[in-house]
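**Q** Right, I'll just put the structure down here and ask away after.
Chains as they are written, first to last, in this note's numbering: chain Y, 22 to 175; chain A, 190 to 825.
The following block contains the structure:
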C-alpha cells in the first residue's frame, strides 16, 4: 500500500470506530434512562409498559401493610390527587415513613401495582427530594421549605 | 466577637489574594520582575489569615456559639468534640472555607518549594492561584458566609447530620479537597507555561510532583468516600455511580491521564498540547465537581442547601476559568510543536492510547452525569441515568486499557522489538489466563465470561507489575530506579482494585431476610443465628442492638452486633451495620425494621475480596508518595 492509501485506511478505521462507539454509548444511555413519574402520570398511562421508571410521592397515612414476619410490604403512594399501589419485598430504608416523601424504582405489573425493586433513602429527616416536592406543587399542594427553618433567617 | 474576627481575617486574606494576582500579572505585562516578587509573601500572608479565619470558626464550634448561624445548623452541645471539629467542614459554608484554606496552603507550598525555579514562572503560577483564591473567597463572602450571625440565639443547635458523625467523614472531605484543589497547581503551571511560551522538559519536571501529590490525595479521598458509603450509607454497596461520586471520579481520571502525559513530556519532550489540555481539564472537572456537589442541583447527602445564586456564581466562575484558559491555549498551542518522533511500538504509543481511553471514559461519565441536568433544564421531564449505563460504558474502554497497562509497563521509550517483549511476558500472561479461568471455579464453583476476563486482567496487571521486582530479587537485573518502582507499585494497586471489583461484583451474596429470635439464616457456609435485641446508649444517641451468633461449618465463629441508632436531636434512625472483615471476605449484617412478633428484617451479605478495592487504592497512593520522594525532583 502506498502511504496515501495507508492514511485513507486509517482514517476510515477511525471513522467507523468512533461512530460504532458513539452509537453504542447512546444505545446504553437510552436503555438506562429512568423517567420519573408522579402517581397522576402513572394513572394517565405515561410509563412505557415493561420499562423501569421511578415513582415519587408521599406514602399515604395508614396505608402501610406488612404481614408479621414477612418481608413483603404493601403501601399507597400519592400525590394527594391520585394513588398508586406499591409492593416491595426487602429491607426498607431508615427514613421510610407514612406521610413522608419517597422515591422508588420499579415496574408496573399487569394489574397496575407498582413492583418496586428499590426504595430510595432520603438523607435527612426534614429533607424532601426536589422531585417529590415538585410533584406535590403541581398537584396543588405546595410544601414548605424542606430545610430546618428554625435557624434559617433569610 | 470571634466570628467577626474570623470574617475580618477572610477579608484580609482576600486582599492579599488580590495583590498576589494583580501585581505579578502587571509585572509580567510591563516586564517588571520586581512586581512579581510580592507573590510569595502574599501567599504566605493569605494562608496565615485563612488559618486564623479557620481557627475562629473552629473556636465557635467548640464554644457552642449558636449565635453563629452555621454553628447553630450543624452542631449541638451533646455532639462529641472530634465531631464538633469535623462539623467545621460538615456543610456547605465551612467546606468552602476549607477549600480556600487548602488552596492557600498549596500556594504557600509552591512559594516555599520552588527555590530552584525561575522567579518569573513562580510569580505567574502564584498569580493564577491567587485568581482562583479570589473567586472562592468572593463566593464565600457573597453567598455562603460561615460567620453569619443569627438572632434570636437558639438554646441548642440543630446538630450535625448523623450520617456525617463518623471517623471516615472527618478526613474524607479534607483529603478530597487537597486532591481537587491540588490540580490548581498543575493548572497554574500550565497557564504560566502558555503565557511565557516556555514549555520544556524542565517545566514538566517541576509540575510532576505537584500533580502526583494532588492525585494521591484524591485517590485516598475517593477510597475513603467509597469505604464510608459501604459501611454507613449504602447497605453494603461501595460505588453507586451517584453524580457526587462521579464528580470526584472524573477529575481523578483526567488527573491520571495528566500524570502519564507529563511523564512523556518530561522524558521525551512530547505530548505538550495534551499535557496542557489535561491540566486544564483536570482542574475544570474539579471545579465542576464542586459545582455539582455544592450548588444543590443534585439530590445528595452533600447538598443540603440549594441556592440558585450559589450555583450561578460557580457556573460563571467555571465558564471564566475554562474560557480564559482554552483561549490562551488556542492562541499559544501552535508554538508548542515538538520535533522528536517515536515508532509505533513504543511506550509513547501505549501512553497515548491509555490517555485516549481515560479521556473517553471521562467523557461518557460526564455525559451520564450532566445528561439528566440538561434534560431537566430543557423541561423535558425528570430522568435519571441508571448505574448499568455507567457500568457498560466505563468497562468498554477500561478492559483494553488495563490489558495494555501490563504490556506498556515493559515497553521502552522510542521503539522496541515486539518479540523481546513477548519473550519476557508470555509466562505471566499464560499464568493469568490459567488463574482467570480456573480460580472462579475453584473458589466459588461458578464463573462467567466477564468474570474470567476481569480476573485475567487483574492478575495480569499484578504479575506484570511484580515482574521486574522479582527479576531483581533473582539478580537478573540491576537497580530499579525510584520512578520505575513507583510506576510498578501504582499498577500493582490498579491490579488489586480490578481484582477486588471483579470478584466482589461476581460473587457477593446479598439477601434480605426476616428473622425471629432463635431463627437463623445461612450464606456461604456461615450461619447467622439471631439471638435477640437489646437497648444501648451512646453519647448523643440511643440504639437498638441486634445480637447475632455466627458459626462457620457448625463451629462457633464470632458474634456480630448491628445497631439501629436514634440520635437525640435529628431523630431519624440510622443503621450501623456490623462488619466482620478479613483479607478474603467481609461478612455484613444490617438491621432493618421490626416486622412484628419480635421478628426483624435484616440484610445479610457475604462480600469476597472487597477489601482489595480500598487496599489497592492505598497501594496506588503509596506509589504516589514513592514517586514524589524521587530525589530527581529536588535537583535544580
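Even for Gly, the Cβ is constructed at its ideal location relative to N, Cα and C. Just so it is clear, the structure is predicted and the values come from calculations on it, not from any experiment.
Classify residue 648 of chain A as helix, strand or coil using the three-state DSSP reduction.
**A** Walking along the second chain from the start, residue 648 of chain A turns up at place 459. It is helical.
**Q** Can you tell me which of the three DSSP states residue 146 of chain Y falls into?
**A** The residue given as residue 146 of chain Y occupies position 125 in the first chain. Model confidence at residue 146 of chain Y stands at a pLDDT of 47, short of 50, so the residue's coordinates are unreliable and nothing is read from them.
**Q** Let me see if you follow: with CB-CB separation under 9 Å, is residue 76 of chain Y close to chain A or not?
**A** Numbered from its first residue, the first chain carries residue 76 of chain Y at position 55. No, no contact with chain A.
**Q** Straight-line CA distance for residue 152 of chain Y to residue 158 of chain Y?
**A** Numbered from its first residue, the first chain carries residue 152 of chain Y at position 131. Numbered from its first residue, the first chain carries residue 158 of chain Y at position 137. So the two alpha carbons sit approximately 10 Å from each other.
**Q** Kindly list the residues whose CB is nearer than 7 Å to the CB of residue 809 of chain A, restricted to its own chain and excluding five residues on each side of it in sequence; keep chain order.
**A** As a working mapping, residue 809 of chain A is identified with position 620 in the second chain. Correct list, in chain order: 408, 679, 682, 683.
**Q** Against residue 116 of chain Y, what residues of chain A qualify as contacts under a CB-to-CB distance less than 9 Å, listed in chain order?
**A** Counting from 1 along the first chain, the entry for residue 116 of chain Y is found at position 95. What residue 116 of chain Y touches in chain A: 761, 762.
**Q** Apply the 10 Å Cβ neighbour rule to residue 598 of chain A and answer buried if 16 or more other Cβ atoms are within range, or exposed otherwise.
**A** Numbered from its first residue, the second chain carries residue 598 of chain A at position 409. Label assigned to residue 598 of chain A: buried.
**Q** Which residues mark the beginning and the end of the alpha helix (DSSP H) in which residue 274 of chain A is found?
**A** As a first step, residue 274 of chain A is located in the second chain; it is residue number 85 there, counting from the start. That run of the alpha helix (DSSP H) goes 270-276.
**Q** Answer yes or no: do residue 321 of chain A and residue 236 of chain A have a C-beta to C-beta separation smaller than 9 Å?
**A** Mapped onto the second chain, residue 321 of chain A falls at position 132. Mapped onto the second chain, residue 236 of chain A falls at position 47. No; because the gap between Cβ atoms is not below 9 Å, this pair is not in contact.
**Q** Using the C-alpha atoms, what's the distance from residue 781 of chain A back to residue 768 of chain A?
**A** Walking along the second chain from the start, residue 768 of chain A turns up at place 579. Walking along the second chain from the start, residue 781 of chain A turns up at place 592. So the alpha carbons of these two residues sit roughly 15 Å apart.
**Q** For residue 782 of chain A, go through chain Y and note every residue whose CB falls closer than 7 Å to its CB, in chain order.
**A** Looking up residue 782 of chain A in the second chain gives position 593. Per Cβ cutoff of 7 Å: 113.
**Q** Under three-state DSSP, which class holds residue 157 of chain Y?
**A** Here the question's residue 157 of chain Y lines up with position 136 in the first chain. The answer is helix: DSSP assigns residue 157 of chain Y an H, G or I state.
**Q** Assuming residue 394 of chain A contacts residue 822 of chain A (C-beta within less than 8 Å), just tell me the rounded distance between them.
**A** Position 205 of the second chain, counting from 1, holds the residue named residue 394 of chain A. Position 633 of the second chain, counting from 1, holds the residue named residue 822 of chain A. Indeed they touch by this definition, with Cβ atoms about 7 Å apart.
**Q** With a threshold of 6 Å on Cβ separation, who are the neighbours of residue 662 of chain A within its own chain once the five nearest residues in sequence on each side are excluded?
**A** Taking the second chain and counting its residues from 1, one reaches residue 662 of chain A at position 473. Result list for residue 662 of chain A: empty, nothing under 6 Å.
**Q** Quick check on DSSP: helix, strand or coil for residue 96 of chain Y?
**A** Along the first chain, one-based indexing puts residue 96 of chain Y at 75. The answer is strand: DSSP assigns residue 96 of chain Y an E or B state.
**Q** Assuming residue 342 of chain A and residue 289 of chain A are in contact, meaning their beta carbons sit under 8 Å apart, how far apart are those beta carbons, in whole angstroms?
**A** The sequence position of residue 342 of chain A within the second chain is 153, counting from 1. The sequence position of residue 289 of chain A within the second chain is 100, counting from 1. Wrong, their Cβ atoms sit about 27 Å apart, outside the cutoff.
**Q** Do you know whose CA, among A/577, A/534, A/541, A/604, lies nearest residue 553 of chain A's CA?
**A** Taking the second chain and counting its residues from 1, the one referred to as residue 553 of chain A is at position 364. It is A/577.
**Q** Between the stretch 76-98 of chain Y and chain A, which residues of the former have CB atoms less than 7 Å from a CB of the latter, in chain order?
**A** Answer set for the stretch 76-98 of chain Y: 87, 89, 90, 91, 92.
**Q** Which residue spans inside the stretch 26-69 of chain Y form an unbroken beta strand (DSSP E) run of at least 3?
**A** Here the runs fully enclosed are 54-58.
**Q** With 16 other CB atoms within 10 Å as the buried threshold, where does residue 364 of chain A fall?
**A** Taking the first residue of the second chain as 1, we reach residue 364 of chain A at position 175. So residue 364 of chain A ends up on the buried side.
**Q** Can you give me the Cβ contacts of residue 750 of chain A inside the same chain, cut-off strictly under 8 Å, excluding the 5 residues immediately before and after it?
**A** Taking the first residue of the second chain as position 1, residue 750 of chain A is located at position 561. 734, 735, 736, 737, 767, listed in sequence order.
**Q** Where do the ends of the beta strand (DSSP E) carrying residue 747 of chain A lie?
**A** Numbered from its first residue, the second chain carries residue 747 of chain A at position 558. Unbroken beta strand (DSSP E) run through residue 747 of chain A: 744-749.
**Q** With distances taken Cα to Cα, identify the nearest neighbour of residue 344 of chain A among A/267, A/770, A/309.
**A** Position 155 of the second chain, counting from 1, holds the residue named residue 344 of chain A. Residue 344 of chain A has its Cα closest to that of A/267, out of A/267, A/770, A/309.
**Q** According to DSSP, residue 699 of chain A sits in a beta bridge with which residue or residues?
**A** Start at 1 with the first residue of the second chain, and residue 699 of chain A comes out as number 510. Residue 699 of chain A is bridged to A/794.
**Q** Taking the straight line between their C-alpha atoms, what separation do you get for residue 529 of chain A and residue 610 of chain A?
**A** Locating residue 529 of chain A in the second chain gives position 340, where the first residue counts as 1. Locating residue 610 of chain A in the second chain gives position 421, where the first residue counts as 1. Whole-angstrom Cα-Cα distance: 24 Å.
**Q** Show which residues of chain C have a CB atom less than 8 Å away from the CB atom of residue 573 of chain A.
**A** Annotation note: the requested chain C is absent from the structure, which comprises protein chains Y and A.
**Q** Starting from residue 730 of chain A, trace the alpha helix (DSSP H) in both directions and tell me its first and last residue.
**A** Mapped onto the second chain, residue 730 of chain A falls at position 541. It is not in any alpha helix (DSSP H) - residue 730 of chain A instead sits in the beta strand (DSSP E) that spans 730-741.
**Q** Report yes or no: is there a C-beta of chain A within less than 9 Å of the C-beta of residue 172 of chain Y?
**A** For the purposes of this step, residue 172 of chain Y is taken as residue 151 along the first chain, with counting starting at 1. Annotation note: pLDDT 32 at residue 172 of chain Y (below 50); position unreliable, coordinate value reported separately. Yes, its Cβ sits closer than 9 Å to a Cβ of chain A.
**Q** Could you list which residues in chain Y have their beta carbon closer than 8 Å to that of residue 707 of chain A, in chain order?
**A** By 1-based counting over the second chain, the position of residue 707 of chain A is 518. Going along chain Y, no residue has its Cβ under 8 Å from residue 707 of chain A, so there is no contact; the nearest lies around 13 Å.
**Q** Does the beta carbon of residue 746 of chain A come closer than 9 Å to any beta carbon on chain Y?
**A** Within the second chain, residue 746 of chain A is the residue found at index 557, counting from 1. Residue 746 of chain A does not count as touching chain Y.
**Q** Rounded to whole angstroms, what's the CA-CA distance from residue 432 of chain A to residue 243 of chain A? Just pull it up for me.
**A** Locating residue 432 of chain A in the second chain gives position 243, where the first residue counts as 1. Locating residue 243 of chain A in the second chain gives position 54, where the first residue counts as 1. Going by the C-alpha atoms only, they are around 29 Å apart.
**Q** Name the chain Y residues that come within less than 8 Å of residue 790 of chain A, Cβ to Cβ?
**A** By 1-based counting over the second chain, the position of residue 790 of chain A is 601. Here the neighbours are 92, 111, 112, 113.
**Q** Less than 9 Å between CB atoms is the rule here; does residue 578 of chain A satisfy it with respect to chain Y?
**A** Locating residue 578 of chain A in the second chain gives position 389, where the first residue counts as 1. Interface residue, yes.
**Q** Show which residues of chain A have a CB atom less than 7 Å away from the CB atom of residue 31 of chain Y.
**A** Here the question's residue 31 of chain Y lines up with position 10 in the first chain. In chain order: nothing, as chain A lies at least about 11 Å away.
**Q** If the cut is a Cβ gap below 9 Å, which residues of chain A does residue 217 of chain Y touch?
**A** Chain Y is shown only over 22 to 175; residue 217 of chain Y falls outside these bounds and no answer can be derived.
**Q** Exposed or buried, which one is residue 30 of chain Y when buried takes at least 16 other CB atoms within 10 Å?
**A** Numbered from its first residue, the first chain carries residue 30 of chain Y at position 9. By the 10 Å Cβ count, residue 30 of chain Y comes out exposed.
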